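One structure below.
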Amino acid sequence: MDFKNYSYVDNKVVVKKIKNFVLPHIFENGQCFRWQKTDIGTYIIVAKNRVIELELQGEDLIIHNSNIEDFENIWIEYFDLERDYNSLKMSLKKDEYLVKAIEFGDGLRMLNQDPFEMIISFIISSNNRIPMIKKAINNISEKFGECTSYKGDKYYFFPTLENLSSVTQEEFKACSVGFRDKYLFNTIKMLNECNDIEQIMSLSDDECHKELQKFPGIGSKVSDCIMLFSMKKYSAFPVDVWVKRAMMKFYVAPDTSLKKIRDFGRNLFKDLSGFAQQYLFYYVRENNIKI
Ligand code: 8HG
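Mapping to my numbering: the sequence shown position 148 is 149, numbers consecutive.
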């Protein structure tokens with residue numbers, strides 16, 4: 002448990018003595034696309050059909066625009082607050098190469114996001130850059146998601162499967178998703194026809210990794226990202242360009258295939274693979290480390 006207790010006052014939840022919680026390291030590490038940093042250093046997040054603003058004040062986390070019920074039913078799980086990241090970091094630091102990456106990304110946490118949102122978001126992510134991914138997801142949310150307001154500004158929830166069911170391929174294209182328009186259109190169609198996300202989530206990690214790849218636009222890496230960021234499948238090890246660089250720098254020969262890098266990482270880090278990957282991804286990407 003990475004906090005002591007919590008209380009409610011004036012439309013906000015105060016989480017006392019929060020540990021391992023550094024806002025930029027949580028939101029700017031590549032797992033989440035729907036955040037905005039404000040001029041005063043707080044982060045506004047749109048998730049789970051809500052808008053919240055996060056502020057760190059000394060040892061406490063303030064969740065603005067929220068209440069106890071949401072904290073207990075949504076945010077504890079979303080922020081993975083029941084996990085003790087000190088012991089997680091201790092286990093991972095047994096690997097000498099991870100020590101620097103973990104020190105750099107200290108306070109990073111793995112978010113538990115919505116699976117449908119992650120399926121759509123990570124289809125958009127393939128061969129794409131993070132600012133462009135964020136933009137496309139915002140476009141889709143603005144066009145097809147429900148509108149709400151916070152402090153006088155408008156925000157849009159991520160659309161539901163139902164919201165996106167009548168969207169045409171051309172309409173997706175107009176949201177700056179590029180060649181992925183057909184993948185989105187056909188994935189939505191498949192989800193409506195017979196595929197149940199809950200059922201996919203209930204599969205073993207390996208089965209789930211395979212099953213997700215039946216959707217158009219989902220390959221091994223995208224499948225791993227979806228599993229890791231929304232299905233609590235922590236043996237996932239997404240190998241993108243950055244993780245490939247990190248692995249080649251520290252662990253494997255330069256000509257190793259993506260599949261072999263994935264197998265190597267999973268073998269080494271076991272059920273903490275996804276966490277190790279996230280520290281590596283963030284460290285290598287932020288420091289633009291080259292092989
Ligand atoms: O958190 C991420 N981990 C990995 N391994 N890859 C990611 C994450 N987030 C993210 O957007 N990507 C992919 O990296 C998508 C895209 O191909 C590239 C952006 O740098």
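Ideal Cβ positions, reconstructed from N, Cα and C, are used throughout, including at glycine. Model, not experiment: these values are computed from the prediction.
> Does the segment 14-21 come close enough to the segment 55-64 that 3 or more CB-CB pairs lie under 8 Å?
Replying inline: yes
> Taking just the CA atoms, how far does Q114 sit from F230?
Replying inline: Here residue 230 corresponds to residue number 229 of the sequence shown, with the count starting at 1. Here residue 114 corresponds to residue number 113 of the sequence shown, with the count starting at 1. Cα-Cα distance, rounded: 6 Å.
> What first and last residue would you give for the beta strand (DSSP E) that runs through T149?
Replying inline: Along the sequence shown, read from residue 1 onward, the residue named residue 149 stands at position 148. T149 -> beta strand (DSSP E) spans C148 to Y151.
>> For E83 and D3, what's the separation of their Cα atoms in angstroms?
In response: Along the sequence shown, one-based indexing puts residue 83 at 82. Along the sequence shown, one-based indexing puts residue 3 at 2. Computed Cα separation, rounded: 6 Å.
>> Just to confirm the assignment: which complete alpha helix (DSSP H) runs, minimum length 4, are found wholly within the segment 182-265?
In response: 182-194, 198-202, 206-213, 221-231 and 242-251
> DSSP three-state call for E54: helix, strand or coil?
Replying inline: Your numbering for residue 54 matches position 53 in the sequence shown. If DSSP states are grouped into helix, strand and coil, E54 belongs with the strands.
> Quick one, which of D154, Y156, I189 and P239 has its alpha-carbon nearest F117's?
Replying inline: Against the sequence shown, residue 117 aligns to sequence position 116. If we check each option's Cα against that of F117, I189 comes out closest.
>> Under 7 Å: does the beta carbon of W36 sit that close to some heavy atom of the ligand 8HG?
In response: Within the sequence shown, the letter at position 35 stands for residue 36. Checking the Cβ of W36 against the ligand 8HG gives no.
> Got a sec? Which residues, its chain only, sit under 7 Å from F251 by beta carbon, not counting five neighbours each side?
Replying inline: Position 250 of the sequence shown, counted from the first residue, corresponds to residue 251. These residues qualify, in order along the chain: Y98.
> From S258, N87, N12 and M119, pick the residue whose C-alpha is nearest to that of G218; which is it?
Replying inline: Reading the sequence shown from its first residue, position 217 is the one you call residue 218. Of the listed residues, the one whose Cα sits closest to G218 is M119.
>> Suppose contacts are defined by Cβ-Cβ distances below 8 Å. Is V52 in contact with I125 by that definition?
In response: Locating residue 52 in the sequence shown gives position 51, where the first residue counts as 1. Locating residue 125 in the sequence shown gives position 124, where the first residue counts as 1. No, the pair does not count as a contact, with Cβ atoms beyond the cut-off.
> Where F270 and W76 are concerned, what is the direct C-alpha to C-alpha distance, given to the nearest angstrom?
Replying inline: For the purposes of this step, residue 270 is taken as residue 269 along the sequence shown, with counting starting at 1. For the purposes of this step, residue 76 is taken as residue 75 along the sequence shown, with counting starting at 1. The straight-line gap from Cα to Cα measures roughly 27 Å.
>> As a quick exercise: from Q279, K174, D241 and Y280, pick the residue whose alpha carbon is nearest that of I262.
In response: Within the sequence shown, the letter at position 261 stands for residue 262. Per the Cα distances, D241.
>> Assuming L213 and V244 are in contact, meaning their beta carbons sit under 8 Å apart, how far apart are those beta carbons, in whole angstroms?
In response: Position 212 of the sequence shown, counting from 1, holds the residue named residue 213. Position 243 of the sequence shown, counting from 1, holds the residue named residue 244. Contact doesn't hold; Cβ gap of about 18 Å is too wide.
>> According to DSSP, simplified to helix, strand and coil, what is S67?
In response: As a first step, residue 67 must be located in the sequence shown, where it is residue number 66. Reduced to three states, the DSSP call for S67 is coil.
> Assuming I27 and L89 make a contact with CB atoms under 8 Å, what is their CB distance in whole Å?
Replying inline: Stepping through the sequence shown from its first residue, residue 27 is reached at position 26. Stepping through the sequence shown from its first residue, residue 89 is reached at position 88. With 8 Å as the limit, I27 and L89 do not qualify as a contact, their Cβ atoms being about 14 Å apart.
> Alpha carbon to alpha carbon, what distance is there between M91 and V100?
Replying inline: In the sequence shown, residue 100 corresponds to position 99, counting from 1. In the sequence shown, residue 91 corresponds to position 90, counting from 1. Roughly 9 Å between the two C-alpha positions.
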